[in-house]
Amino acid sequence: MADTTAGDSSRKRIGFLSFGHYQAAAGSHTRSAADALLQTIELAVAAEELGVDGAYVRVHHFARQLASPIPLLAAIGARTSRIEIGTGVIDMRYENPLYMAESAAAADLIAGGRLQLGISRGSPEQVIEGYRYFGYHPAEGQSDADMARQHTDVLLRAVEGARFAEPNPRPMFPNPPGPLGIEPQSPGLRDRLWWGSGTRATARWTAEQGMNLMSSTLLTEDTGVPFDELQAEQIEVFRQAWREAGWQREPRVSVSRSVIPLTTDLDRAYFGGREDERHDQVGILEGVRARFGKSYTGEPDVLAEELAQDAAVQAADTVLLTVPNQLGVDYNLHLLESIAAHVAPAIGWSPALEGK
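Structure (structure tokens):
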């Protein structure tokens, strides 16, 4: 399977992004963790048939949401043949980077080189300093963000094939000469690592590390300009830093959007009358001003025009569409079909059905 990062760089990609909520509540189609996991697989299979480019999952701990994405993505990879599988994002404060490198490589090999591994420092979680329960503590004088970047550095070197472990002089199995690295290795995975960035400064750092950019739906800085313009500025900072770093490949950039075309009475019953969500929101997050992107809900032709004018959507090569996963596979497939038919062509997308 060829690396799916190759191909027509002018063609916009779209993917779905699921938070994988589950709850035994009225109206929920995902009443258990099993429901959320199995329905994510089914939605990915159906999305691939539709021509959607990516199936991505969000990761949160201590919550009734998707928390351990690698087994899920491996299962999707085994059931599909073309669609990208990815995370948006994994919180590196919680991760053993060497084990993560092993499991990510295994999932990527199962999928034939389709894993797009989004990682980051993470967002506020359900519990205070939850990474400590996983056994990780920032060193003296180190912040949790520093620890996340330290874990990331170890992950990057492991995925690059670094050989650093002293071999046993009397091993159970024969070793190649010299230090050992993690196995398996998956060719090309290093180029398919992404960092979730919420500021222009972290966008610059992302480029310096040679990772692709996942621009967050909330930016932890507010300069007073509309969200899409601030996000587009972040993307330009990233691309300029990438050029300055001298990397020899073209990077990828994704943005996330909530897009709900109202085409049926059921759509309007679920999502009609949400005018308050159609504007940027500004608030305080962890002591700093943050700007949250608006939702796109309305008639398809209106949404198409608005997204065509969204500066960050135009600047990115990939748009991840958040889905209300608790409404079930059939409804979410209906949303993706509506977006694919009526909205996505306006931003430069066409279905990826080659080889089908």
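Counting from 1, one number per residue, gives the positions in the sequence shown under the UniProt record's numbering.
A virtual CB, placed ideally from N, CA and C, is assigned to each residue, including glycine.
Source: prediction; values computed, not measured.
- For Trp242, the uninterrupted alpha helix (DSSP H) segment begins and ends at 227-245.
- Here Glu84 is bridged, per DSSP, to Gly54.
- Separation of Gln231 and Ala312 (C-alpha to C-alpha, rounded to the nearest whole angstrom) is 6 Å.
- The beta-carbon separation of Leu109 and Pro184, rounded to 6 Å, stays under the 8 Å limit for a contact.
- Around the C-beta of Val127, fewer than 16 other C-beta atoms lie within 10 Å, and the residue is accordingly described as exposed.
- The C-alpha of Gly88 is placed about 27 Å away from the C-alpha of Gly272.
- Taking C-beta atoms under 8 Å as the contact rule, Ala104 and Leu117 qualify, at a distance of about 6 Å.
- For the pair Ala203 and Phe238, the CB atoms are nearer than the 7 Å cut-off.
- For the 7 Å CB-CB criterion, Gly161 and Gly181 form a contact.
- Contact annotation: Asn325 and Gly20 have beta-carbon atoms nearer than 7 Å.
- Sequence-distant partners of Ile85 (beyond 5 residues in either direction) whose C-beta falls short of 8 Å from its own C-beta, in its chain, are Ala44, Gly54, Ala55, Tyr56, Leu73, Ile76, Gly77, Ala107, Ala111, Arg114, Leu115, Gln116.
- Here Asn175 has Pro167 as same chain residues with Cβ atoms under 7 Å from its own Cβ, once five neighbours each way along the sequence are excluded.
- For Gln116, the uninterrupted beta strand (DSSP E) run begins and ends at 115-120, by DSSP.
- The alpha-carbon separation between Leu320 and His137 amounts to approximately 32 Å.
- The beta-carbon distance between Ala245 and Ala207, rounded to whole angstroms, is 6 Å. This is short enough to meet the 8 Å contact definition.
- Between Thr318 and Ser254, the CB-CB gap stays under 7 Å.
- Judged by DSSP secondary structure, Gly15 falls within the beta strand (DSSP E) whose first and last residues are 13-18.
- Take the alpha-carbon of Leu327 and the one of Gln23: they are about 11 Å apart.
- Secondary structure at Ile90: strand, using DSSP grouped into helix, strand and coil.
- Sequence-distant Cβ neighbours of Gln142 in its own chain, meaning closer than 8 Å and more than five residues away, are Gln150.
- Pairing Arg132 with Thr263, the inter-Cα distance amounts to about 46 Å.
- Cα atoms of Gly298 and Tyr270: separation of roughly 12 Å, rounded to the nearest angstrom.
- For Ala63, the closest alpha carbon among the candidates Asp265, Gly188, Ser32, Gly348 is that of Ser32.
- In this model, Pro71 and Gly135 are separated by some 21 Å (Cα to Cα).
- Gly293 is the residue among Arg93, Gly293, Leu307 whose C-alpha sits nearest the C-alpha of Pro226.
- Annotated three-state conformation of Thr217 is coil, per DSSP.
- Rounded to the nearest whole angstrom, the CA to CA distance from Pro69 to Val159 is 18 Å.
- Following the DSSP letters along the chain, one finds Val159 inside the alpha helix (DSSP H) bounded by residues 144-159.
- Taking the C-beta atoms as reference points, Pro97 is found no nearer than 7 Å to Val59.
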